[in-house]
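Numbering (the numbering used here), first residue to last: 1037 to 1355.
For each residue, glycine too, the CB sits at the ideal point set by N, CA and C.
Fair warning: this is a prediction, and the values are worked out from it, not measured in the lab.
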């Protein structure tokens, strides 16, 4: 791939130095991006660690609130039992108390059922986190039930204030109803807090899942960036090697040309020196030319005599 890129660049006649500069700039940007992604990955891992710690602490708090809710529910049942006893005493006086007694009995049975249910859910909560949804439904149902009970108690309080009852019974019933109202308000507050904690736990779980997906994407991007950086580094090394080879070749060519020029120059100088020396020996230019001409004639005669002698030897051999 690197070779193909280099060939395409050379075909487009882009200088290698410019390509090298662009690759170095791209490498710098990728390293900066890699550093930012690593920093983001570290922050996400730290956030995930804090969320996991919070996710570990919230069920403990939820369990403690559930136990407190359980105790308040027991107190509420005890007070309802006392209220039922008082209503039984007043049963002979008013028919309306009988209806309230039936409603309170039904609510008490439902609260007993919910008491068993919350004990079961608190046990299951330690085993599986999906019970949070069931616990949330239970709390919503209990919230509606407590609101209904609150309305009934208010109605009973109004009836007690309107009915001509003995003062001691009226005071006792009023105190019990106020205590019941206080317990119910506390239970409502605890239920709201538990619902908020459950919603926070669900949100934290969703956030942790999203963070894990983001971390996976960031890791994949980091791997791709590292591969690109490796390819760019290899490309830069190849380009530098090509530039060095080209510089070495150009240097050798320049050195060879300089050596050839120097040799030719030296040869010309030597020839000029020889010619000047010979011309000084023959005094004049004409003498030099005549001497050179006579030397060529003598060499030609010698070559002719040598050829004639060789030819005569060949004739003697054939005869």
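Item: Is the region 1084 to 1091 in contact with the region 1278 to 1298, if contact means three or more CB pairs nearer than 8 angstroms?; Value: no
Item: Below 8 angstroms between beta carbons: does that hold for residue 1073 and residue 1257?; Value: yes
Item: For residue 1047, is the classification buried or exposed, using 16 other Cβ atoms within 10 angstroms of its Cβ as the cut-off for buried?; Value: Unreliable positioning characterises residue 1047 in this predicted model, as indicated by a pLDDT of 46, which lies under 50. The coordinate reading is nonetheless provided below. With fewer than 16 other Cβ atoms within 10 Å, it is exposed.
Item: Just to check my reading of the structure: residue 1268 and residue 1053 have Cβ atoms closer than 8 angstroms, yes? What is that Cβ distance to the nearest angstrom?; Value: With 8 angstroms as the limit, residue 1268 and residue 1053 do not qualify as a contact, their Cβ atoms being about 16 angstroms apart.
Item: Note down the Cα distance separating residue 1308 from residue 1281, rounded to an integer number of angstroms.; Value: 40 angstroms
Item: Starting from the C-beta of residue 1112, find all residues in its chain whose C-beta is less than 6 angstroms away, skip the five residues before and the five after it, and write them out in chain order.; Value: 1219
Item: Taking Cβ to Cβ, would you say residue 1251 is nearer than 8 angstroms to residue 1080?; Value: yes
Item: Looking only at C-alpha atoms, which of 1058, 1091, 1064 sits nearest to residue 1244?; Value: 1091
Item: Leaving aside the five residues before and after residue 1059 along the sequence, list all residues of the same chain whose C-beta is less than 8 angstroms from its C-beta, in chain order.; Value: 1268, 1271, 1272, 1275
Item: May I ask you to report which of helix, strand or coil DSSP gives residue 1042?; Value: Note on residue 1042: pLDDT 46, under 50, position unreliable in the model; the coordinate value appears next. DSSP places residue 1042 in helix when its eight states are reduced to three.
Item: Under 8 angstroms, do residue 1104 and residue 1226 count as touching if we go by C-beta distance?; Value: yes
Item: Exposed or buried, residue 1223, counting other C-beta atoms within 10 Å across all chains shown (16 or more means buried)?; Value: buried
Item: Applying the 10 Å Cβ sphere with the 16-neighbour rule, what's the burial state of residue 1259?; Value: exposed
Item: Can you list, in chain order, the residues of its chain with a C-beta nearer than 6 angstroms to that of residue 1070? Leave out the 5 residues immediately preceding and following it.; Value: 1261
Item: Could you check the C-alpha separation between residue 1114 and residue 1089 for me, to the nearest Å?; Value: 38 angstroms
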